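A.B. asks: Once you've had a glance at the structure underneath, I'll fire off some questions.
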Amino acid sequence: MKRSSLLALILALLFLLPACGQPVAAPTEAAPAAEPAEASAAPTAEPVETGPARDNTGLYLLSDTGEAIIDDVDLSRYAETEDNARVFYEIFVGSFSDSNGDGIGDLRGIIDRFDYLNDGDPASGLSLGVEGLWLTPIFDSPSYHKYDVTDYYTVDPDFGTMEDLKELADLCESRNVKLILDLPINHTGRRNAWFSAFVNAHRNKDEADPYYNFYCWYGPGESAPAGRHYAPVSGTEDYYECNFDSAMPELDFDSELVRQTVLDVAKFYLDLGVDGFRFDAAKYVYYGDNGSSAAFWDWYMEELRKIDPEIYVVAEVWDGDGVTDKYYGSMNCFNFTLAQSGGLIDETAKAGNAGRYASYVESYLNTVRALREDAMLVPFVSNHDMDRASGYLQSANGQMQMAANLYILGPGSPFLYYGEEIGMRGSRGGSNTDANRRLAMRWGDGDTVRDPEGSTYPDQEEISVQAQLDRGRSLYNYYKRLILIRRANPEIARGTYTAVSVPDSKVGGFVSTWEGSAVCVLHNPSQGAKTVDLAALGLDFDTIAAFIGAGEATLEGSSLRLEGQTSVVLR
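Residue numbers for the sequence shown follow my numbering, beginning at 6 and rising by one.
What follows is the structure, given as structure tokens:
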């Protein structure tokens, strides 16, 4: 190579060194803006089409408010409920939703939350879909629970006004939701004007006073009936009966005035637009005398049906079936055999025998329908007087879901307890207080409702409606879908009921026939899948209308495969 060529090469390499790793000094003035890319330049990447938002599992679309839209239930047979075979929802009013920031739930709070309960459109897939509301007592009272009524004709100021109640009743009617009030007439509160009149009559020893025998009592020289509780009538030597609490004096239903007075109360609310009542402590109207108590309710219901032939009522007769049967001649009663920890729902949901459960229901229905043709089963798993179901039925392993399947996918009029659908817990515990069973609804959206006075139960920050809205497999969305399946298959709730048991298996259920159409509901509460030969059981069903639970259901010919902790509806 010539020396001149070598020199030129060296100079060229020295010139290129800054571009090969050495920093280049920034210009002292701003660089001119880049020109728009020519058409021949590489195209800019287009945005990726993501589609509508879906829940965390991808199962369901989300609404504008971020709630999973339950859209996988066939509604072709859905029809608005015209009878009383409805799913009801119990609301402990002071703990549900606070509309004015005072920490106490109220009627306006229920109105504001009505779309959560029933938005009037089953096809929306956005509402719980309940068809009835039971409100615990709303009458003027000094206690948080309101079972010691001061004035039956006044809404407690903490809960709102009579105008609020009327608005709620009208809203319920517009959405085809039955509204029933808790009516505690076995006793009143000690501050009630009726009791004041009773006390004055006794102080004056005025036996002619119409209020002299308004409450149960005994006087000097008489012995207190065994097994009952009494407290002194102030300023006298007499004692009034108070079996629940000294603040709850018991009415004397031998008095015609008492009977007419409590009838007038019920008539007032029926005229207002309320659809019926839940009768508290119904068997204690005549303490320890079911025959006399049942006879009173026969008379009372006969009078109420003269006012409203379509009235819906349910009685709390907390006892075994042999006792509740005494009251079924006039009204339906809650079924306590099925309820609470250790009840038949609990037992069956924990891998029990669904065939045994169905056989019990069939026997029960046959008994009560023989007493009254239109009698119904009224099942529930817990209420405001019981420990909450999520404390003994776990949703993580499917027990809570199976329990719900058993009593909601069944006949009659099931009752949910508010918060059950999100897995709220609560129990008396060491503090032995019912307030722990009536905790504030966990909305998770800033609602100011507080736990009732006296509650000691630990906070449940991880549980809320808000946290479950967009989770397709949350307990809340499970309940939405479950109730929708029931409503989409109206035969489930009404009609003839024939129990089905699968031999050598815990699978069981029933066939219900209504207006010429039949469905079969089968439950598998065990952990493993089971195969059921429908033909061998004499069951002629060839279509799966729906299934719900931890697994799936498949049908090939007459061979049904039902996975564990799962229920199926067949047509």
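For every residue, glycine included, the Cβ atom is placed at its ideal position computed from N, Cα and C.
These numbers were taken from a predicted model, which means no experiment stands behind them.
Would you report the Cα separation of residue 369 and residue 209, rounded to the nearest angstrom?
C.D. replies: To locate residue 369, count along the sequence shown from 1; it is residue 364. To locate residue 209, count along the sequence shown from 1; it is residue 204. A straight line joining the alpha-carbon of residue 369 with that of residue 209 spans about 52 angstroms.
A.B. asks: How is residue 529 classed by DSSP in three states: helix, strand or coil?
C.D. replies: Along the sequence shown, one-based indexing puts residue 529 at 524. Here residue 529 sits in strand by DSSP.
A.B. asks: Distance, Cα to Cα, residue 102 vs residue 458?
C.D. replies: Looking up residue 102 in the sequence shown gives position 97. Looking up residue 458 in the sequence shown gives position 453. Computed Cα separation, rounded: 16 angstroms.
A.B. asks: Who does residue 337 pair with in a DSSP beta bridge?
C.D. replies: As a first step, residue 337 must be located in the sequence shown, where it is residue number 332. Partner(s): 319.
A.B. asks: Quick one: residues in its chain with C-beta nearer than 7 angstroms to the C-beta of residue 272, no 5 flanking neighbours on either side, listed in chain order?
C.D. replies: Mapped onto the sequence shown, residue 272 falls at position 267. Contacts found: 312.
A.B. asks: Is the beta carbon of residue 474 closer than 7 angstroms to that of residue 417?
C.D. replies: For the purposes of this step, residue 417 is identified with residue 412 of the sequence shown, where counting begins at 1. For the purposes of this step, residue 474 is identified with residue 469 of the sequence shown, where counting begins at 1. Contact: no.
A.B. asks: Scan the region 232-289 and note each continuous alpha helix (DSSP H) run of 4 residues or more that stays entirely inside, going in chain order.
C.D. replies: 261-277
A.B. asks: What whole-angstrom Cβ distance do residue 189 and residue 286 have, given they're in contact under 8 angstroms?
C.D. replies: Start at 1 with the first residue of the sequence shown, and residue 189 comes out as number 184. Start at 1 with the first residue of the sequence shown, and residue 286 comes out as number 281. Residue 189 to residue 286, Cβ: 7 angstroms. Contact.
A.B. asks: How many Å lie between residue 262 and residue 108 at the Cα?
C.D. replies: For the purposes of this step, residue 262 is taken as residue 257 along the sequence shown, with counting starting at 1. For the purposes of this step, residue 108 is taken as residue 103 along the sequence shown, with counting starting at 1. The alpha-carbon separation between residue 262 and residue 108 amounts to approximately 39 angstroms.
A.B. asks: Classify residue 376 as buried or exposed, calling it buried when 16 or more other Cβ atoms lie within 10 Å of its own Cβ.
C.D. replies: Looking up residue 376 in the sequence shown gives position 371. Residue 376 comes out exposed.
A.B. asks: Which residue from 229, 258, 115 puts its Cα closest to that of residue 217?
C.D. replies: On the sequence shown, position 212 is the one that residue 217 refers to. Nearest option by C-alpha distance: 258.
A.B. asks: Taking C-alpha atoms, which residue in 511, 523, 546 lies nearest to residue 569?
C.D. replies: Mapped onto the sequence shown, residue 569 falls at position 564. Cα-wise, what sits closest to residue 569 is 511.
A.B. asks: Out of 215, 68, 115, 572, point me to the one whose CA is closest to residue 408's CA.
C.D. replies: The residue you call residue 408 lines up with position 403 of the sequence shown. Answer by Cα proximity: 572.
A.B. asks: Give the secondary structure of residue 553 by DSSP, where H, G and I count as helix, E and B as strand, and everything else as coil.
C.D. replies: Here residue 553 is taken as the residue at index 548 of the sequence shown, counted from 1. Note: residue 553 maps to strand in three-state DSSP.
A.B. asks: I need the boundaries of the alpha helix (DSSP H) containing residue 480, first residue and last residue.
C.D. replies: Numbered from its first residue, the sequence shown carries residue 480 at position 475. Note, residue 480: alpha helix (DSSP H), 480-493.
A.B. asks: With a CB to CB cut of under 7 angstroms and the five nearest residues on each side skipped, what residues in its chain are close to residue 186?
C.D. replies: Here residue 186 corresponds to residue number 181 of the sequence shown, with the count starting at 1. 140, 143, 274, 279, 282, listed in sequence order.
A.B. asks: What does the Cβ neighbour count give for residue 2, buried or exposed, with the cut at 16 atoms within 10 Å?
C.D. replies: What is shown of the chain runs 6 to 576, which leaves residue 2 out entirely.
A.B. asks: What's the call for residue 448, buried or exposed, on a 16-neighbour Cβ count within 10 Å?
C.D. replies: Within the sequence shown, residue 448 is the residue found at index 443, counting from 1. It counts as buried.
A.B. asks: Within the continuous beta strand (DSSP E) that includes residue 538, where are the two ends?
C.D. replies: As a first step, residue 538 is located in the sequence shown; it is residue number 533 there, counting from the start. 535-538 is the extent of the beta strand (DSSP E) around residue 538.
A.B. asks: Quick one: what does DSSP say residue 80 is sitting in, helix, strand or coil?
C.D. replies: Stepping through the sequence shown from its first residue, residue 80 is reached at position 75. Coil.
A.B. asks: Between 267, 112, 378, which lies nearest to residue 165 when the distance is taken from Cα to Cα?
C.D. replies: For this step, residue 165 is matched to residue 160 along the sequence shown. The shortest Cα separation from residue 165 among 267, 112, 378 belongs to 112.
A.B. asks: Express the C-alpha separation of residue 388 and residue 200 in angstroms, rounding to a whole number.
C.D. replies: As a first step, residue 200 must be located in the sequence shown, where it is residue number 195. As a first step, residue 388 must be located in the sequence shown, where it is residue number 383. If I take the Cα positions, the gap works out to 30 angstroms.
A.B. asks: Just tell me which of 478, 249, 493 has its CA closest to the CA of residue 152.
C.D. replies: For the purposes of this step, residue 152 is identified with residue 147 of the sequence shown, where counting begins at 1. Ranking 478, 249, 493 by Cα distance to residue 152 puts 249 first.
A.B. asks: Taking the straight line between their C-alpha atoms, what separation do you get for residue 456 and residue 116?
C.D. replies: Within the sequence shown, the letter at position 451 stands for residue 456. Within the sequence shown, the letter at position 111 stands for residue 116. As the crow flies, the alpha-carbon of residue 456 is around 20 angstroms from that of residue 116.
A.B. asks: Name the residue from 184, 238, 247, 215 whose alpha carbon lies nearest to the alpha carbon of residue 579.
C.D. replies: This structure cannot speak to residue 579, because the chain is shown only from 6 to 576.
A.B. asks: Considering only their Cβ atoms, is the gap separating residue 243 from residue 224 smaller than 7 angstroms?
C.D. replies: For the purposes of this step, residue 224 is taken as residue 219 along the sequence shown, with counting starting at 1. For the purposes of this step, residue 243 is taken as residue 238 along the sequence shown, with counting starting at 1. Yes, these two residues count as a Cβ contact at 7 angstroms.
A.B. asks: Once DSSP output is grouped into helix, strand and coil, what is the label at residue 372?
C.D. replies: Here the question's residue 372 lines up with position 367 in the sequence shown. Reduced to three states, the DSSP call for residue 372 is helix.
A.B. asks: Is residue 462 closer than 7 angstroms to residue 437 when the C-beta atoms are compared?
C.D. replies: For the purposes of this step, residue 437 is taken as the residue at position 432 of the sequence shown. For the purposes of this step, residue 462 is taken as the residue at position 457 of the sequence shown. No, Cβ-Cβ distance for residue 437 and residue 462 is not below 7 angstroms.
A.B. asks: If you run the structure through DSSP and keep just helix, strand and coil, what is residue 151?
C.D. replies: Position 146 of the sequence shown, counted from the first residue, corresponds to residue 151. DSSP places residue 151 in coil when its eight states are reduced to three.
A.B. asks: For residue 100, which residues from the same chain have a beta carbon less than 8 angstroms from its beta carbon, with the 5 sequence-adjacent residues on both sides left out?
C.D. replies: For this step, residue 100 is matched to residue 95 along the sequence shown. Counting only Cβ-Cβ distances below 8 angstroms, and skipping sequence neighbours, we find 110, 423, 443, 444, 445, 446, 454, 456, 457.
A.B. asks: Among 528, 556, 534, which has the Cα closest to the Cα of residue 575?
C.D. replies: Numbered from its first residue, the sequence shown carries residue 575 at position 570. Nearest C-alpha to residue 575: 528.
A.B. asks: For a test of the three-state rule: what should DSSP assign to residue 71, helix, strand or coil?
C.D. replies: By one-based count along the sequence shown, residue 71 stands at place 66. Looking at residue 71 - three-state DSSP - the assignment turns out to be coil, as it is neither helix nor strand.
A.B. asks: Contact check, residue 182 vs residue 137 under 8 angstroms by CB: the rounded distance?
C.D. replies: As a first step, residue 182 is located in the sequence shown; it is residue number 177 there, counting from the start. As a first step, residue 137 is located in the sequence shown; it is residue number 132 there, counting from the start. Their Cβ separation, rounded to whole angstroms, is 6 angstroms, which keeps residue 182 and residue 137 in contact under 8 angstroms.
A.B. asks: I'd like the list of long-range same chain contacts for residue 471, defined as Cβ closer than 6 angstroms, with 5 residues on each side in sequence excluded.
C.D. replies: If you number the sequence shown from 1, residue 471 lands on position 466. Excluding sequence neighbours, residue 471 sits near 449, 450.
A.B. asks: Using CA atoms only, rank isn't needed, just tell me which of 556, 548, 555 is closest to residue 564.
C.D. replies: Taking the first residue of the sequence shown as position 1, residue 564 is located at position 559. Nearest option by C-alpha distance: 548.
A.B. asks: Can you tell me whether DSSP reads residue 44 as helix, strand or coil?
C.D. replies: Here residue 44 refers to the residue found at position 39 when the sequence shown is read from its first residue. Caution applies to residue 44, whose pLDDT of 32 falls short of 50 and renders its modelled position unreliable; the model cannot decide the point.
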